[in-house]
Amino acid sequence: MKTRIQLICFCCIIFPIALFASNKGPSIKEALELAANQQVLSQRISKIYLALCHNTRDPKLYQERAEAVEAFEEQLYRMSLLVPNERVKENIQEVRSLWKTYKAVADWTIKNEAVDKLLRQASNLLKATKLLHAAYQEYEYTIKENSDLITVNQYINQNYNQRVIIERIMTYYLASKQSVDDLTYSFKLEEAKKAFTRILFILEKAETTSQNIQTELQTIRSEWELMREELESEGNDLNNLSQMLEHSKAISLAIQEMIYNYEALGAKLSLSYAINQATAQCVLVQKIAKSYVASMNEKVAYTYQKELLKCVDKFEQTQRVMLMTVPTEETRGAIHVVKTMWKNYKQMVTNFELRDPLQTIKVLEQSYVVMAACDRAVEAVENYAQTIPAYRNFSIQNGQAVDKSMDITQQIQLASKLRIYTQRVALYFMMKTNRIDQELSNQRLQVCIHDFIIQLNALKKSELNNSFISQLIEDCSAEWELMATICANNESKEINKMLLSSRKLSNKLTALADLYEHYMNELFAQDMEYSN
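Numbered by mature numbering (1 follows the signal peptide of the UniProt record, and there is no 0), the letters in the sequence shown go through residues -21 to -1, 1 to 511 in order.
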């Protein structure tokens, strides 16, 4: 009896845990893939139904229909586990409602007279699944700002559109041979063929590409030309239909391979974005400290308190994004440490009632604590980056270290350090001229000036700089000279000039960091063979 009670207790504990584990929702990336696949499946089911109308004795087609129906329902359930906002919820409910009506026809007895009704429902279901995909993608764009990654996602969307269209082409072809309203379906078939050709042309001309993607595009082009010949022939026998189905399947598989290649590229673009975001947190910590000291001047207190609060919001937004897109558990752990250190820092810098030299020193000390935690987060992202061959290849080729002037990762690190030093120079200048821990502030100021000059000169010597980047570096250098002159004058009346100049330089350096990030993304796109 005792053993039985223990077993019941064990099951009561373990079964809910197992159920929770099996019900774990998909990531936003997985949800997008599921929503895109739903579009394909909705059209594949109607295509199979029409193929069965032509050949009701083919057991393979019945099996394919059962598998497609099961896959659609499983994917719909998986998506219902990720409902980040009301719009996604409403679209999932709409898809579920339309699917119930669609399935009642598509998964039942094969009837020629049901074709028109089935195709109308297939069109409605396709629209609903597209709206669901758009809702997920809209949510994804609120947590990501990487324009290069968005471009790749747009190509992936075109790939998914092609997979849908190739299913609809076969569906309309079969319907035009069978339905009373054959002219309508013949017209829709021609429109679908034009749409497929147009997307294929767009992808063939896309700037972001690789040898692997080009190979798949050649396969698609070849199979598509053969399929078009079959579509335009007068034959209507089962052999002709079988050949067209094989061509459409080969095209669909090649498109899926393209999606895999684009997703591999997208993962690397996410990496460059993660590096940029991790660095941005370090910059914001210093910018907050600078704004805090600047707000001690009552004449401009409101302006810099407002700037400080804006930086606080930006820091927390960046932190949320990083947690949602975290690549490894090491990175997640490092970000949680930052989150813990951040709470105390935020409380100190947003307490505008308590502002004096002693509190300023405490704020500065806490900023170093948060900075150290942010540095560990950057290191965790870097550790992950080193596991990706394409990233390692920037620094090491043929077992030899690449010259730093030719290493894009080095340029990104230099630009990141300059962004941090810009904030620190303004911060220590204000502390020194306001006689807050004057001697130590002066020492730190001189170290920052020295390090800034070294990093800037190294950046100027980069072999990777194009004319646009070189001009931007020269603009940064000119703004830096103005800051250096203000530091040399050492007068408190020039604090406003220093703050204005540091803001301008910070904006220029941010633009420079974005250019280097984009440069890295271009190199990633050219280097797909290292992704495996």
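We treat Cβ as the ideally placed atom computed from N, Cα and C, and that holds for glycine.
Since the structure is predicted, the reported quantities are computational estimates derived from the model, not experimental observations.
### For residue -15, the three-state DSSP class (helix, strand or coil)
Reliability fails at residue -15, whose pLDDT of 39 lies under 50, so the model's placement of it is uncertain and no value is given.
### Query
Between residue 180 and residue 203, what straight-line distance do the alpha-carbon atoms span, to the nearest angstrom?
Their Cα atoms are separated by approximately 12 angstroms.
### Task
Would you kindly report the start and end of the unbroken alpha helix (DSSP H) that includes residue 300?
280 to 303
#### Entry: Own chain, CB closer than 6 angstroms to residue 302, minus 5 neighbours either side, in chain order
314
### Query
Got a sec: does the ligand FMN put a non-hydrogen atom nearer than 7 angstroms to the Cβ of residue 95?
Annotation note on the ligand FMN: not contained in the displayed structure, which lists no ligands.
#### Entry: Backbone secondary structure at residue 185 - three-state DSSP
Residue 185: coil per DSSP, three-state reduction.
### Query
With a Cβ-Cβ cutoff of 8 angstroms, do residue 178 and residue 140 count as a contact?
Cβ distance < 8 angstroms, so residue 178 and residue 140 count as in contact.
### Task
Can you say whether residue 326 is buried or exposed, counting buried as having 16 or more other CB atoms within 10 angstroms of its CB?
exposed
### Query
Going by beta carbon distance, what residues of the same chain come within less than 8 angstroms of residue 131, once the five residues before and after it are set aside?
187, 241, 244, 245 and 248
### Message
What does the Cβ neighbour count give for residue 49, buried or exposed, with the cut at 16 atoms within 10 Å?
### Response
exposed
### Query
Span of the alpha helix (DSSP H) holding residue 432?
417 to 439
### Task
Indicate whether the contact test is met: 3 or more Cβ pairs, each with one atom in the region 67 to 79 and one in the region 104 to 121, closer than 8 angstroms.
yes
### Task
Can you grab the Cα-Cα spacing for the pair residue 486 / residue 451, in whole Å?
Annotation: residue 486 to residue 451 spans about 11 angstroms, alpha carbon to alpha carbon.
### Query
Can you tell me whether DSSP reads residue 495 as helix, strand or coil?
helix
### Message
Is it the case that the region 346 to 362 contacts the region 420 to 430, given that we only count it when at least three CB pairs across the two stretches are under 8 angstroms?
### Response
Contact fails between the region 420 to 430 and the region 346 to 362, because fewer than three Cβ pairs, one in each stretch, are under 8 angstroms apart.
### Query
Should the region 397 to 404 be regarded as contacting the region 496 to 503, the criterion being three or more beta carbon pairs within less than 8 angstroms?
no
### Status (buried if at least 16 other CB within 10 Å, exposed otherwise) for residue -1
Confidence is the limiting factor: at residue -1 the pLDDT is only 34, short of 50, which leaves the residue's position unreliable, though a coordinate-based value still follows. Exposed, because fewer than 16 other Cβ atoms sit within 10 Å of the Cβ of residue -1.
### Task
Spatial neighbours of residue 274 within its chain, please: CB distance less than 6 angstroms, with the 5 preceding and 5 following residues excluded, ordered by chain position.
Excluding residues within five positions, the ones whose Cβ falls inside 6 angstroms are 280, 283 and 284.
#### Entry: Residue closest to residue 61, alpha-carbon to alpha-carbon, out of 212, 318, 453 and 10
10
### Query
Over what stretch of residues does the alpha helix (DSSP H) that includes residue 513 continue unbroken?
Residue 513 lies beyond the stretch modelled for the chain, which goes from -21 to 511, so this question has no answer here.
### Residues near residue 470 by beta carbon distance below 6 angstroms, same chain, minus five either side
Residues of the same chain with a CB within less than 6 angstroms of the CB of residue 470, apart from the 5 flanking positions on each side, do not exist.
### Task
Look at residue 260 and residue 297 and say whether their C-beta atoms are less than 8 angstroms apart.
yes
### Query
Curious, which full-length alpha helix (DSSP H) runs of at least 4 residues does the region 90 to 123 contain?
94 to 122
### Task
Could you check the C-alpha separation between residue 367 and residue 254 for me, to the nearest Å?
14 angstroms
### Message
Comparing C-alpha positions only, which one of 93, 6, 411 and 29 sits nearest to residue 57?
### Response
6
### Message
What does the alpha-carbon distance come out to for the pair residue 434 and residue 319?
### Response
31 angstroms
### Query
Does DSSP put residue 190 in a helix, in a strand, or in coil?
helix
### Task
With a 10 Å radius around its C-beta and 16 neighbouring C-beta atoms as the bar for buried, classify residue 440 as buried or exposed.
Counting Cβ neighbours within 10 Å, residue 440 comes out exposed, since fewer than 16 surround it.
#### Entry: Between the CA atoms of residue 32 and residue 78 - distance to the nearest angstrom
21 angstroms
### Query
Would you call the CB atoms of residue 438 and residue 492 closer than 8 angstroms?
no
### Task
Quick one: grab the DSSP three-state call for residue 17.
helix
#### Entry: Reduced DSSP secondary structure (H/G/I, E/B, other) of residue 235
helix
### Query
Using the beta-carbon count (16 or more within 10 Å), is residue 464 buried or exposed?
exposed
### Query
Within this structure, are the beta carbons of residue 478 and residue 405 separated by less than 8 angstroms?
yes
### Query
Between residue 293 and residue 264, what straight-line distance do the alpha-carbon atoms span, to the nearest angstrom?
11 angstroms
### Query
For the alpha helix (DSSP H) that contains residue 75, what are its first and last residues?
Counted as a single uninterrupted DSSP element, the alpha helix (DSSP H) harbouring residue 75 occupies residues 65 to 85.
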